[in-house]
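In the working numbering, the protein residues as written are 3 to 239.
Don't be surprised by glycine CBs; every beta carbon is placed ideally from N, CA and C.
What follows is the structure in structure tokens.
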């Protein structure tokens, strides 16, 4: 399974030469964004049974960092529309790239901008230390470490990847299981690397679902989603 995923990612690498920087705007303002901290529970305290599960999952993640799955987790640390298109292509009916699917690319860029502002208030509210900070150990991706970045809960990577999975499922519903399995794997990669506890990732999936539901109330989002769906299915013919 890992070989199939890796091959799919390799075959769908986008062409980046001549790319221009575009400033994408979110679908709604920060004031209009759902306050995720009012939806999800408090993160587990260190003495709770829930934290024991977090600790056990952290140990599991460390144990497989030197495997092919651990290497995939390192690649999953890249979080942007380009990588999402590469990663999710393996689960869809055909490859998606910025060049062949510009409408979808713009949709994912704007959705990512929207997601990041929705999760920011929750991260600031809970200010949870990350696993590698708590246990004073290196991660599987050392260059991203920050000793004062107390933003573990909820997981932003998971929030984004779960949201993207739901968007792509709406575009290619015949591959729902494959798409959402990849979305699930992207969240678990954060546990493997030691950047997030399992409870952070679980909360990130809730946040992704909330953001998708909120986006479905935005006419601009629905219009862009339909345009991206038509663009995708033209390539099936």
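Under the three-state DSSP convention, the category residue i falls into
{"i": "residue 25", "result": "coil"}
{"i": "residue 217", "result": "helix"}
{"i": "residue 81", "result": "coil"}
{"i": "residue 49", "result": "coil"}
{"i": "residue 235", "result": "helix"}
{"i": "residue 43", "result": "coil"}
{"i": "residue 89", "result": "helix"}
{"i": "residue 177", "result": "helix"}
{"i": "residue 189", "result": "helix"}
{"i": "residue 94", "result": "coil"}
Own chain partners of residue i with C-beta closer than 7 Å, once the 5 adjacent residues on each side are dropped
{"i": "residue 179", "result": "none"}
{"i": "residue 79", "result": "143, 146, 195"}
Rounded separation between residue i and residue j - CA only
{"i": "residue 96", "j": "residue 182", "result": "16 Å"}
{"i": "residue 223", "j": "residue 49", "result": "43 Å"}
{"i": "residue 152", "j": "residue 197", "result": "11 Å"}
{"i": "residue 2", "j": "residue 206", "result": "Absent from the structure is residue 2, since the part of the chain shown begins at 3 and ends at 239."}
{"i": "residue 103", "j": "residue 85", "result": "14 Å"}
{"i": "residue 98", "j": "residue 56", "result": "35 Å"}
{"i": "residue 5", "j": "residue 122", "result": "Confidence is the limiting factor: at residue 5 the pLDDT is only 40, short of 50, which leaves the residue's position unreliable, though a coordinate-based value still follows. About 35 Å."}
{"i": "residue 160", "j": "residue 68", "result": "22 Å"}
{"i": "residue 127", "j": "residue 93", "result": "35 Å"}
Closer than 7 Å: residue i CB and nearest the ligand SAM heavy atom
{"i": "residue 181", "result": "No copy of the ligand SAM appears in this structure; indeed no ligand is present at all."}
Same chain, Cβ closer than 6 Å to residue i, neighbours up to 5 away in sequence not counted
{"i": "residue 170", "result": "90, 181"}
{"i": "residue 111", "result": "26, 83"}
{"i": "residue 60", "result": "133"}
{"i": "residue 195", "result": "75, 141, 142, 143"}
{"i": "residue 213", "result": "117, 120, 165"}
Own chain, CB closer than 8 Å to residue i, minus 5 neighbours either side, in chain order
{"i": "residue 47", "result": "53"}
Item checked: Those runs of the alpha helix (DSSP H) which lie wholly inside the segment 98-172 and span at least 4 residues -> 104-128, 133-137
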